[in-house]
Each structure stands twice: as C-alpha cells, then as structure tokens.
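Encoded as structure tokens, the structure appears first; notes follow it.
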Amino acid sequence: MDKLLKVKNLKTYFILKNEIVKAVDGVSFDIYEKETFGLVGESGSGKSQTARSILRLVKKPGKILNGEILYKGKDIVKMNKEQVRGIRGKEISIIFQEPMTSLDPVLKIKNQIFESFDRTSMSKQEKIHRSIELLKLVGIPSPKDRIEEYAHQFSGGMRQRAMIAIALASSPSLLIADEPTTALDVTIQDQIMQLLNDLKKQLSMSMILITHDLAVIAQMCDRVAVMYAGIIVEMTDTVTLFSAPRHPYTYALMKSLPNQNLKGEGLEPIPGVPPNLANLPSGCPFHPRCKCAEEICKAVRPELVEIKQGHLVRCHCLDKTSEFKGTINTPVGKRGISE
Amino acid sequence: MTVYNKRKEIPIWATRPSFIIGIIIIILAVLISFFPQYIAHYDPIKINAHSLLLSPSSDHLFGTDNYGRDVFSRVIWSTRIDLQIGVFATIVPFVIGSIIGLITGYYGGIIDNILMRIIDILMAFPFTILIIVIITILGKGIRNIYIAIWIVGWLPYAKLVRGEVLVFKNAEYIQAATVAGFSNARILLRHMLPNVISPAVVFTASDVVLCMLTGASMSFLGLGVQPPTPEWGAILNEGRAYIMNAWWITFFPGLFMAITGIGFSLLGDGLTDFLRTKGK
Amino acid sequence: MNNLNPSKSSNNNKVVEVKNLSKWFPLKYGITDVIARKPRKYVKAVNNVTLGIYKGENLGLVGESGCGKSTLARNIVRLYEPTKGKVILNGTDITNMKGAKLRKIRPTMQMIFQDPYSSLNPRMSVYEVISEMLAVHNMVEKSNVPNRVKELLEMSGLSMEIADRFPGEFSGGQRQRIGIARALALEPEIIIADEPVSALDASIQAQIINLLDDLQKRLGLTILFISHDLGVIRYITNRVAVMYLGSIVELGKTKDVFEKPCHPYTLALTKAAPSLDPTNRKRGYTIKGEIPSPINMPNGCKFHNRCRYCKDICKTEEPKYIQVSKNRYVSCHFPLK
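Protein chains in written order, with the working numbering: chain A, 716 to 1054; chain B, 11 to 290; chain C, 13 to 349.
Okay, here's the thing in structure tokens:
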C-alpha cells in the first residue's frame, strides 16, 4: 500500500503570556491508502490538535513550530494559504464532534454542499444532482426535500450525516473524523460508525479517526496510535494493541474501563491526574502515574522504538510490560452479549 | 491532590494603566469634594463687582464670571455636589432595581410578566424626558432631582439582574442548593446574588456619570440646583451667554465633568475585569 | 458489589417508591393559539413510571437522550413537582410537599450532578460550600464544623489543604469529589447520581466510580445511578431500569437484563454499544431511525416504529408494564425469549 500522508516530528505549541503549552510535542506517523488510522487519548493528549495541524486549522496562539506534513510529496506546513485551501475540504476533509456548531445555521444544506464544488466547473443542475446523491449516500431519507432545509431542522444523527455528506462532496482521499460520535446517543453512534465504515470501503478513502473511546477504535480502526501529553506512546495494528499492549498507559487505560469485556477483576483506576501541558514532568510524562516507573523514567524521555514489525512503543521498561494481556480474552471470538 | 493555579500576588486587573488612571482621578475628585476649602481660596458665591469677567491668571486660575466670582473656586466647590448627585442618585436605584430583578427573575410567573410590561412601557420614553416630566410635577431643586432619578433609574438594573438570574436559575449549583433544603432567601442572597450582580455593578460606573450629567442638565435647564449654589451644569448654563468673550466660564466645568466621567468609566472597566476573575 | 437481595418486597425496605409518575411540560400557548382552538401541546418527559428503590441497592437508570431519566430523577428529588402520580420517601408521600416541611426532609435524599463545571458555586470556597450544608441543617456542633469538613473531604479523597480554594482551580475529577463531599454532608439515605462520570476523562472515571462504590459499602447508602454508558451501569449497579421516551421498558437484575434482554430496545442498546474486541466486528442488526420527539409520540408502543419485531397490535395498543419473572418487569406485547 502506498503512503498517503507522512507526518514527521510535528510540534504544535501554544505560546501564552507566561507559559508555553506543548500540545503536540514531536509526533510522527504515516497514513496508508484505504486504511482507518486511529488516534486515541484523553483530553489534553494532543490528538485533536494533531488533526487540526494537518489541515493548518490550529487557532492562535497555537503555532506549528516544527515538523513536516507530507501529502502526496508536498509539505502542508510550508504551503501558502491558497495551496492549503486547495487541499482543505477538497482532498483532505474533516468532520467534527458537534454538528450543530460546525454547520452554518443560516445556509441551506445544499448551499453548504455547493461550497465544496467551488473550484469545479459544474453546472447548477449537476451540483443539485450530486448533492442529492450525497445525501442518499449518507442515508438521509427524502434527499430532494432535505437539501432545501436548514441545520436546525435536522436531528442530531441527521446533522452528523449531513456533515459527512458535505465532507465527502469533493471525493477526498483522506477524511479526518474528530470525535464524530462522542456527542451522539449509543444507537445513533452505531449507525454513524457503520456508515463511516461502509463509505470508506465504497469510496476507497483513508480515514483518521480521533476519539477517546477505545471501543470505537476497536470497532473501526486498522492501526492505532495512543497519545499522552502530546506524544505518541504506542502505535501498532488494532488487534495487537488489544491483545498485547506494551505501554503501561495503554494497559492502564484498558484496565480502568468498566466495559463488559473485561473479566471482572474490578476497576483499576489510573492514580493521579493528567499532566499540565505547560509544565510537563521531566523524562517520561507518564512516570508520575506509572506502576512500572524506574529512576531512568524520571530523567530521560524514552524514544519511540520498533519492537516488532509495525509495533512501536515509547518506554524504558519494556521487559516489565511483556506480560500485559489486553482486553481480548483467548480463545478469541465469543464476547459480551450472545447473538 | 495537585492544584494547578497558584495565587497571584497582585492581580493583573489592578495593574492595568487605565484602571490606575481611573482610580487616581476618583481619589482626586473625592479629596477635592471633601476639602474644597483648602484648595480654593475664594468664596464661591461672593460677588465682587471689581473683578468681572477676568481671564485666567495666577490670581484667578480659571478666571472670573459675570458676577466677579472666582470660577476656579466655583468649579472646585461644585465637585462635592456633583459627586454626591452621581453617587447617591445611583445607589438607591442599584439596590432597589437589583432586588426587584432578583425576585422577579427567580420566581417568574405573573410578577415577572407585570414587571416586564412596566419596564417596557417606561423604557419607551427617553430617560431625560421622564426626569423633566417628574421634576415639572414635583418642583425644582436638588432633592427632587434625586427623587426623579430614583423613580426611573432602577429599570436598567432590574433588567440586567433579571437577565442574569434567568441564566443562572438553572445552574446545577442552584439545583444543588434547592436539593440541600436551603430556604429561598438563602438561595437568592447567598448563591444567586453574588453571581448575578456583576453586570449591575459594572453599570453603576456608567450610571454615576449619567446621574451627574442628568443633574448638570437639569441645572443647565434651570430645573435643578438653584443659584447661587455652584454646580458644573449651573455654571455652564450661566456661562452660555458669555461664550464668545469669556470662554473660561463654560470650558472648565465642562472639562471637570468630562474628566470625572472618564475616571468612573475606567473604574468600571477595572471592575469588570475584577469581577470576571474573582473566584476563578 | 452489594449482596443485599432486592427481592424482599416488603414496603419497609424501600427508601423511595414512585407510583404512576408522569411529568409533562407545557409548551408555550399564546392568545392566538387559544383563539384558533389549537390543542395544548406538552413535552411528555416522563409517562406513568412505577419504580421502587430498595435500601442499600445501587439501581441504575439507563437510556438515551430524551428518555426522561434525568427528569424522573428530578421529580424524585422534588426539584419538580410531578404532573401525576406519587413519590413516597420512607413511607411518607412527598409528592406535593412544599415549604418548610419539604426542606426538612430534603437531607434524606441528595444529588450528584453531571457537569463538574456548573455544579459548584464559583464564588464559594470548598470550605464554605461544605460548611454551609452542615450549618443550615445543624449537622454538628459549631465548634466541630472544621473537623467534620475535614472528614468529609478525606472520605471523598481530598485533603483539607484545598479547603480555601475555589472550584475554578480544580479539575473535573476533583470537582466531582467536592460535589460528593457536599452530598454526603447531610448524611443522606439515598444519593441520586445523575451521570456523575460522563463528563470526566476515562482514567478519572474509574477513580470516581470506585469512590462511589466504596462509599456505598461503607456508609450503607442507597444509590440511584443514572447513565447512558452501558459499561458503567453494568459494572456498578445491582438492578437496572431501561427507559425509552419517558417510560420504563424493562427492569431487572443488571446481569440478567444485559445478558438476556426481554425488550427489543434493550437488545438494540446492548448490540449498539461497541465492544472492546477488534476481532469481533460482526454487526448483526443495527437499529434504524431516530428517537421520536417527546411532543409528538407514536401511537401504541412508543418503540414500534424502530422495532424489528413490530406487529399490528404494537402500532395501536400501548403494552402494559408487567412482571415476567421474579424481579423482572417488561413493557412489551412480545417480550423476547
């Protein structure tokens, strides 16, 4: 598979009066064609800012200070505003968590879809036809009527679908989905997850899925990177992550979830609190909360090391973590509720 | 448990230059109003036929008016009256209006409806017109200026506080207070009031200026302070006829009004910052 | 988990009893509507709910947005007055209680709220928040207040050092702990927790869940735990009630309800919740459609237009809430299994 996007050592900092918040502190990953790549982490982990950096959507006082974002060979970081606009919403699209605030309340849905056709030479008829097709594609019933409606006339799930339609209007090769299902009810979340999976296959698209929900990652992603305090601490394919994680944070996160799949050993919370990004701990940012921490962890930030083909971990204590068992119980297969 | 923000030594809002300037102006104004006798050497109401319409000099810093009175002394002595009008005409509406807004916003229902209709009707008329009407009915004089402003001035406070109450009424900590079995009085005074009063407090700064100007306007129109009591508006009124040849009679009271007004406005800005950051 | 057997159905064992409770919120009805003789419209948030909460149990209330779980909780705690039906607290009918009488019994039932950022008065220090609770209800001698505040804070995993700080200086998890300390100050018998961990990060959720579990055991509390997160409900509750559009569609022991659901909606919910196993991606059946509006509810069974087992009777007749086995209630014409 070819590499669609290459992010190298991305650093996005927020420069405030008295402090510097290191939201993204040296992040590197590749996105291949036709894959779903997950970025998982809690609030403050840097996952959203990483996604926004890719499309140069970081708000002041945030700034991309370092790194390369190579899309089809060209570096997005170095592009001028015109060039970025040529990519944003056209070749790389993004959908957000809150469709109500992402959709324009005063424009009809069809006009918002039309915005994606700005640089094309489509006639009005063609644009309307394509818009109806898009709404059909995302599963909105009576699309002919609904393109004439406004955002507030749609329910939560429908709005999210409309936003997906707008994002896909220009047939992007990469879709970034920033917490697309977090604000939705469970049954609607299921529908949207299905929809995204189907669309990805139909349109041969790649997708970066950002979420804090490990279960969503498990259901949707091919590969995943776990972020903490602005850096990637573990990156591998999904099955490996959930069967044999190697970073103490990944493992601790799984152990702290009250999900039905964990054999009832009782919840094990992660002690302490997430770090202050303006005042990170020395060495490994996770060491104050880590059960395995040793002296070296307090002093030196570990490098991201490839322990196996495609499995990278950032930890000094890998010898201790080889016993971690993930959330998949062997034998693999029967889980949770019976069919 | 770790806590992130440390207590700062001098809050940022207090170090802003605009706030400091405002404080200085107000302090000066207050000092002048308390001790005019040490600053002005002439009797502000004593007529002196030998010194009519003198231009500013080292002897008469602001010149003299058509009665030979030292304008500087008159302006200095006015400060007390104008400041009094500004402050005392503001306080009563602030208290009354806030209480009304608090109660009607919290309880809603018929009282709220009636209140809103009253406010809508009264606010359809320009403030100054209402004041003039009331003074015409009650008669001239400083006392009636106060009463007129009190009758009309509580409206914006009620509106401001009520608006905030409607927002905070449904805040979870208010629900918590209800669930905790606190009396309505306690909830209103201890929990709602501190959180809804900010816009009203900020408005008092502008209101002081407004009241001062209203007092001055009424005096200017001859409806307020009666001669020979010195008051900025009154002095302005008297100086009108002499603008061409004795500009100092109108200029200096106007200048003092403007500076005092600016002082209160800057104070108000500082208050906004203070109230916004308290407890955060 | 509590070992208390909730099947003891003697009334003496119920802390709270809700009987046929409905709560309807009227929509704006202006003069033009009166003239045009338009019928009054209501948001029917809660419809004919009957529920008993037994002493010492952790009862879960689960459902998606608009199901009425929060409204039901607020009716129980008398933040609202029910439109119809009864709320009975320890044998006393509190449905229409008002004023001083109501304030007197309020300490028995306290609440923990969802949003850690608006559940604490931003202008009161932690000490003031908790000491006020103690003072208003005379929980301890005046001289003992500081000690008791310290106790309550420590019970919630906080130290007295933070007592002079204001809520704005704390993280979400810490604020929830303060909220818990506040709720415990009045020594309630029952605590209603309205989505207490939904707004928190995953690593902090576990801390708070454990804290609540621990406190329940130590203090013998009864808890009504409201959440939309099935995983949390499954972990912490003994029994669970599933709500849809203002009614309870299923009630029973948590393990049973989730492993062998009787109501098609419960089944759909459990299927929809994503599993942590990436090798198990067989979706099976995904429920279609969206939740109808509580203003214009469907006829018959409210779930019928999304139910794969819908038959004719479901479209016209509302199913009764019946007991299908020991401690198991369902509202469905054709309960599963």
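C-beta atoms are modelled at their ideal positions from N, C-alpha and C, and glycine is treated no differently.
Source: prediction; values computed, not measured.
Less than 7 Å separates the beta-carbon of K26(C) from that of Y66(C). Here G169(C) has R189, Q219, L223 as same chain residues with Cβ atoms under 8 Å from its own Cβ, once five neighbours each way along the sequence are excluded. The residues T89, R90, L93, in chain order, have a CB closer than 6 Å to that of S43(B) in the same chain once the five nearest residues on each side in sequence are set aside.
Exclusion of the five residues before and after T83(C) leaves K35, A57, V58 as the residues of its chain whose Cβ lies within less than 6 Å of its Cβ.
Spanning the alpha carbons of Y333(C) and G987(A) requires a straight line of approximately 46 Å. Per DSSP, reduced to three states, the secondary structure at E757(A) is coil, with no helix or strand assignment.
When DSSP assignments are scanned along the segment 788–876 of chain A, the uninterrupted stretches of beta strand (DSSP E) that are 3 or more residues long and fall wholly within it turn out to be 807–810. DSSP, read as helix, strand or coil, puts D745(A) in strand. In chain C, no part has a C-beta under 9 Å from the C-beta of A993(A); the shortest such distance is about 14 Å. Nearest to R246(C) by alpha-carbon distance, out of K162(C), I303(C), A285(C), is A285(C).
For the pair A134(B) and I144(B), the CB atoms are not nearer than the 7 Å cut-off.
As computed with DSSP, H70(B) is found in no beta bridge at all. The closest CA to that of V954(A), considering only S287(C), I238(C), K229(C), L236(C), is found on S287(C).
For the segment 137–167 of chain C, the set of residues with a beta-carbon nearer than 8 Å to any beta-carbon of chain B comprises E144, M145, V148, H149, in chain order. Taken through DSSP and simplified to helix, strand or coil, W36(C) comes out as strand. At a C-beta separation below 9 Å, G753(A) has no neighbours in chain C, since its nearest C-beta there lies roughly 10 Å away.
For I106(C), the closest alpha carbon among the candidates V28(C), E207(C), P51(C), I174(C) is that of V28(C). Classified as buried, T1042(A) has 16 or more neighbouring CB atoms from the shown chains inside 10 Å of its CB. H275(C) is classed as buried because its beta carbon has at least 16 other beta carbons within 10 Å across all chains shown.
Not a single C-beta of chain A is nearer than 7 Å to the C-beta of A211(C). With respect to N70(C), I202(C) sits apart: the two C-beta atoms are not nearer than 7 Å. The beta carbon of L73(C) sits closer than 6 Å to those of K81, I238, A253, all from its chain and outside the five residues before and after it, given in chain order. DSSP places Q236(B) in no beta strand (DSSP E); its state is neither H nor E. The Cβ-Cβ distance between Y966(A) and P960(A) falls below 7 Å.
Closer than 7 Å to the CB of Q917(A) there is not a single CB belonging to chain C.
Counted as a single uninterrupted DSSP element, the alpha helix (DSSP H) harbouring A158(B) occupies residues 152–178.
Annotated three-state conformation of R115(C) is helix, per DSSP. Taking a Cβ-Cβ cut-off of 7 Å, the neighbours of A930(A) in chain C comprise P286, S287, L288, given in sequence order. Taken through DSSP and simplified to helix, strand or coil, M202(B) comes out as helix. Shown here for Y865(A): same chain residues with a beta carbon closer than 8 Å to its own, the five before and five after excluded, namely P820, V821, L822, K823, I824 in chain order.
Your pair G107(B) and L165(B) checks out as a contact, with CB atoms roughly 7 Å apart and the cut at 8 Å. Cα atoms of E894(A) and L91(C): separation of roughly 34 Å, rounded to the nearest angstrom. Here the C-alpha atom of Q335(C) lies approximately 15 Å from the C-alpha atom of K272(C). Assignment of I184(B) by DSSP, reduced to helix, strand and coil, places it in the helix class. Contact fails between the segment 937–948 of chain A and the segment 902–912 of chain A, because fewer than three Cβ pairs, one in each stretch, are under 8 Å apart. Burial of Y277(C) is indicated by the presence of at least 16 other C-beta atoms within 10 angstroms of its C-beta.
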